[in-house]
Amino acid sequence: MYYRNFFCRASALVLLAALITSCGGGSAPAPTIQTPVPVLNNVLGVSVDNGPPDTGANVNRLYTTVKICQPGTSQCQTIDHVLVDTGSTGLRLLAGVLSAGMSMKPLTASGGLPLLNCAQFVDNTFAWGPVVSADVVLGGKTAPKVPIQVMGDPAFGSPASACAVGGTAMATSALLGANGILGIGLFKDDCGQACTSNPHNGTYYTCTDASCSATKGAIASLAQQVQNPVPLFASDNNGVLIDLPTVGLAGAATLNGSLIFGIGTQANNQITSARVLKTDASGNFTTLLSGQTLNTSFIDSGSNGLFFDSATLPNCTQSSGAGFYCPNALVNLSASLVGLDAVRMAVSFSVDNATALFRDASKTVLPSLAGSIGDTSTFDWGLPFFYGRRVFVGIEGQASPLGAGPFYAF
Amino acid sequence: MRNLKLYVNAARVLLMGLALTCVVGRSWAALGQAPSAAPGSSAPALAAGAKALATSPVARAGQVTVHQTQLENGTLVVEYATPAGLVFAVSWRGPVLPDLSALLGSYFNTFKSQAEKARLAGRRGSPMTIEHDGLVVSSKGRMRNFFGYAYAPDLIPAGVDIKDVLP
Chain A
1 MYYRNFFCRA SALVLLAALI TSCGGGSAPA PTIQTPVPVL NNVLGVSVDN
51 GPPDTGANVN RLYTTVKICQ PGTSQCQTID HVLVDTGSTG LRLLAGVLSA
101 GMSMKPLTAS GGLPLLNCAQ FVDNTFAWGP VVSADVVLGG KTAPKVPIQV
151 MGDPAFGSPA SACAVGGTAM ATSALLGANG ILGIGLFKDD CGQACTSNPH
201 NGTYYTCTDA SCSATKGAIA SLAQQVQNPV PLFASDNNGV LIDLPTVGLA
251 GAATLNGSLI FGIGTQANNQ ITSARVLKTD ASGNFTTLLS GQTLNTSFID
301 SGSNGLFFDS ATLPNCTQSS GAGFYCPNAL VNLSASLVGL DAVRMAVSFS
351 VDNATALFRD ASKTVLPSLA GSIGDTSTFD WGLPFFYGRR VFVGIEGQAS
401 PLGAGPFYAF
Chain B
1001 MRNLKLYVNA ARVLLMGLAL TCVVGRSWAA LGQAPSAAPG SSAPALAAGA
1051 KALATSPVAR AGQVTVHQTQ LENGTLVVEY ATPAGLVFAV SWRGPVLPDL
1101 SALLGSYFNT FKSQAEKARL AGRRGSPMTI EHDGLVVSSK GRMRNFFGYA
1151 YAPDLIPAGV DIKDVLP
């Protein structure tokens, strides 16, 4: 009410001011009365910063804040520094950051025992833990009863060896560099049909006894699988728009942007100049770079650099910068991204000396950070690709003004 | 597309092969060791808990023996061995990772420590490329779609270019 009154008065004042101004006559430009922009509920703030305290070197990592609730109740918890990852699917939260009131009962596999989930990542890490149901609140949008993963729950402490494959369990914020992962990529679920009939799918497991002393493979229906929450919204559910401002090549301490839900559904997610980059069923497309045809290329906000092979860019030799390129001076490059339907989009990017970039530890936004990938067919367009762009992510099978996903558009 | 290329490569190897090598009775499929067992065995090294559906040895006489193993979880593992039966390279592609600790054998610790080093240096959530201490690894992709390879440069037979061997 207060706001409404205030609003009316403010509008009257603006109108009055406008009248007075216009009475002044002369050559002054015609005044405009600004109509207030309604606050849209489909926006979630995102930022690049140094991550949760004491979690190591976090550069080019996009974070947001999510709220989860016990299904159908107002018992909720807000969790900051959750990674925004277009390369994975579903919400995964560390057991250690969940408050006591948020202990949620796991979904059960066909044998009636807890359904366990394995998410592997390419950096020799994995997430292991039960699938639980939660209402997921992202900004003003709520997805009810979403299967999410609780990572590193000590009650399910022994990961299946086929999940771990010798890697490191993402069981603490220090290891993950985040409190969770929000997978909002091209897909609706983390496995798909493959896990609905074959218990040896490598992604879903269950306990062999009530104390969960051992585990075995399990099937999971699509509805039980860890889900991208966006398609479960009542509206604004056909994809997302990641909108990050431009960053100078010198980098920046932090960066703030928006994760907007829906494609062409509200005033803030309209397609103005974006063109569609259609991917194959695996989410891949082709990158043309320096005469190379890299036909298993992908875009991934969870990769923290641009990763591709180069005949000319040297690897860093110092431990600071290990795994990244270290050219003597800034190198400017350009590539073409080619979708399934042969639509070509030119992208320019720069590569700088990572050891030099890391010298200023206060900078967590490094647009020219790049490294090798060891492959003549892949370009991994990580978070730097998103800087200065409005990137639409079209979810598989969801209709939008740009067609049905999977696609990227920018 | 890549899968297709793999099959085309495999077919080429088959065509060029003068003899079909069949390694039976061996169960370990690790870098620096003998190739994996024939179909029907448990092939524990490929992925604990994930049985091999089929192992098909194909050969290029005198140079490289290629073993393809389709795991139950949908991932294809290929081992590249010398005629003497020493695996000098492995590659994989599929929805989940194979058991790298078994696949890389005694080289795995190098991979693990280097992967950790890269993560600590700031390369997080990102593909792995490692060239260290006689081991080369490239592991990339993301959920539902992983692919990569590993090889030991010192074990590559004379006259074989690794670029011709890997998919």
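Protein sequence lines correspond, in order, to chains A and B.
Heads up, the first sequence is in the numbering used here, so the first residue is 1 and it goes up one at a time.
Heads up, the second sequence is in the numbering used here, so the first residue is 1001 and it goes up one at a time.
C-beta atoms are modelled at their ideal positions from N, C-alpha and C, and glycine is treated no differently.
Rounded straight-line distance, which links the Cα of residue j to that of residue i
i: residue 1093 of chain B; j: residue 87 of chain A; result: 17 Å
i: residue 1039 of chain B; j: residue 1070 of chain B; result: Below a pLDDT of 50, predicted positions are generally treated as unreliable, and residue 1039 of chain B, at 43, falls in that range; the measurement from the model is reported next regardless. About 10 Å.
i: residue 1081 of chain B; j: residue 364 of chain A; result: 44 Å
i: residue 1061 of chain B; j: residue 66 of chain A; result: Note that residue 1061 of chain B scores 48 on pLDDT, short of 50, meaning its location in the model is unreliable; the coordinates nonetheless yield the value given after this. Going from the Cα of residue 1061 of chain B to the Cα of residue 66 of chain A covers about 58 Å.
i: residue 173 of chain A; j: residue 1120 of chain B; result: 13 Å
i: residue 1122 of chain B; j: residue 403 of chain A; result: 37 Å
i: residue 99 of chain A; j: residue 93 of chain A; result: 12 Å
i: residue 1091 of chain B; j: residue 1031 of chain B; result: 11 Å
i: residue 1156 of chain B; j: residue 1063 of chain B; result: 10 Å
i: residue 395 of chain A; j: residue 264 of chain A; result: 13 Å
i: residue 348 of chain A; j: residue 360 of chain A; result: 25 Å
i: residue 1101 of chain B; j: residue 1139 of chain B; result: 13 Å
i: residue 320 of chain A; j: residue 353 of chain A; result: 11 Å
i: residue 368 of chain A; j: residue 247 of chain A; result: 10 Å
i: residue 1086 of chain B; j: residue 1033 of chain B; result: 5 Å
i: residue 69 of chain A; j: residue 344 of chain A; result: 43 Å
i: residue 242 of chain A; j: residue 50 of chain A; result: 19 Å
i: residue 185 of chain A; j: residue 339 of chain A; result: 17 Å
i: residue 1132 of chain B; j: residue 301 of chain A; result: 28 Å
i: residue 398 of chain A; j: residue 1088 of chain B; result: 45 Å
i: residue 202 of chain A; j: residue 228 of chain A; result: 19 Å
Chain B residues whose Cβ lies nearer than 9 Å to that of residue i
i: residue 198 of chain A; result: 1072, 1073 and 1074
i: residue 168 of chain A; result: 1112, 1115, 1116 and 1119
i: residue 282 of chain A; result: 1141, 1144 and 1145
Residue from the options whose Cα sits closest to the Cα of residue i
i: residue 1124 of chain B; options: A/147, A/108, A/109 and A/61; result: A/61
i: residue 129 of chain A; options: A/143, A/141, A/96 and A/100; result: A/96
i: residue 1108 of chain B; options: B/1086, B/1127, B/1137 and B/1096; result: B/1137
i: residue 1099 of chain B; options: B/1073, B/1132 and B/1084; result: B/1073
i: residue 1135 of chain B; options: B/1077, B/1097, B/1086 and B/1106; result: B/1106
i: residue 291 of chain A; options: A/310, A/281, A/192 and A/276; result: A/310
i: residue 84 of chain A; options: A/208, A/240, A/340 and A/104; result: A/240
i: residue 73 of chain A; options: A/297, A/133, A/336 and A/234; result: A/133
i: residue 375 of chain A; options: A/320, A/77, A/296 and A/91; result: A/296
i: residue 148 of chain A; options: A/157, A/137 and A/154; result: A/137
i: residue 326 of chain A; options: A/358, A/44 and A/304; result: A/358
i: residue 118 of chain A; options: A/111, A/158 and A/381; result: A/158
i: residue 378 of chain A; options: B/1160, B/1161, B/1128 and B/1165; result: B/1128
i: residue 1116 of chain B; options: A/176, A/141 and A/75; result: A/176
i: residue 1083 of chain B; options: B/1077, B/1066 and B/1111; result: B/1066
i: residue 410 of chain A; options: A/323, A/316, A/244 and A/366; result: A/244
i: residue 81 of chain A; options: A/234, A/114, A/256 and A/153; result: A/256
i: residue 249 of chain A; options: A/213, A/387, A/114 and A/160; result: A/387
i: residue 336 of chain A; options: A/330, A/328, A/287 and A/219; result: A/287
Three-state class that DSSP yields for residue i in the structure shown
i: residue 1163 of chain B; result: helix
i: residue 275 of chain A; result: coil
i: residue 1079 of chain B; result: strand
i: residue 230 of chain A; result: helix
i: residue 1107 of chain B; result: helix
i: residue 135 of chain A; result: strand
i: residue 170 of chain A; result: coil
i: residue 1143 of chain B; result: coil
i: residue 396 of chain A; result: strand
i: residue 196 of chain A; result: helix
i: residue 1123 of chain B; result: coil
i: residue 1085 of chain B; result: coil
Chain-ordered neighbours of residue i on chain B, where CB pairs are closer than 7 Å
i: residue 221 of chain A; result: Near residue 221 of chain A there are no residues of chain B at all, since even the closest Cβ is about 17 Å away, more than 7 Å.
i: residue 261 of chain A; result: Those do not exist, as residue 261 of chain A stays about 21 Å from chain B at its closest Cβ, beyond 7 Å.
i: residue 89 of chain A; result: 1143
Beta-carbon neighbours of residue i, restricted to chain A and to distances below 9 Å
i: residue 1088 of chain B; result: Ordered by position in chain A, no residue passes the 9 Å Cβ test against residue 1088 of chain B, which lies about 17 Å from the chain.
beta-carbon residue i near the ligand NAD non-hydrogen atom, thresh 7 Å
i: residue 330 of chain A; result: Although the ligand NAD was asked about, the structure shown includes no ligands whatsoever.
Residue i at chain D interface by Cβ criterion, 8 Å
i: residue 351 of chain A; result: The structure shown has no chain D; the protein chains it does contain are A and B.
Where residue i meets chain A, residues with beta-carbon distance less than 7 Å
i: residue 1161 of chain B; result: In chain order: nothing, as chain A lies at least about 13 Å away.
i: residue 1096 of chain B; result: 120, 202 and 203
i: residue 1106 of chain B; result: Neighbours of residue 1106 of chain B on chain A: none; closest Cβ ~12 Å, over 7 Å.
Neighbour list for residue i in chain B, Cβ cutoff strictly below 8 Å
i: residue 238 of chain A; result: In chain order: nothing, as chain B lies at least about 20 Å away.
i: residue 191 of chain A; result: 1095 and 1144
Residues that residue i contacts on chain A, provided the C-beta gap is smaller than 8 Å
i: residue 1100 of chain B; result: 124, 165, 166 and 167
i: residue 1138 of chain B; result: 373, 374 and 375
i: residue 1032 of chain B; result: Those within 8 Å of residue 1032 of chain B in chain A number zero; the least Cβ separation is about 16 Å.
Under 8 Å, CB to CB, which of the residues in the stretch 298-310 of chain A have a partner in chain B? 298, 300, 302, 303, 304, 305 and 307
Selection of the stretch 42-71 of chain A by Cβ proximity to chain B, strictly under 8 Å: 56, 57, 58, 59 and 61
Could you please tell me which residues of the stretch 319-330 of chain A, in chain order, have their CB closer than 9 Å to any CB of chain B? 319, 320, 321, 322, 323 and 324
Taking a cut of 7 Å between CB atoms, which residues from the stretch 99-122 of chain A lie near chain B? 119, 120, 121 and 122
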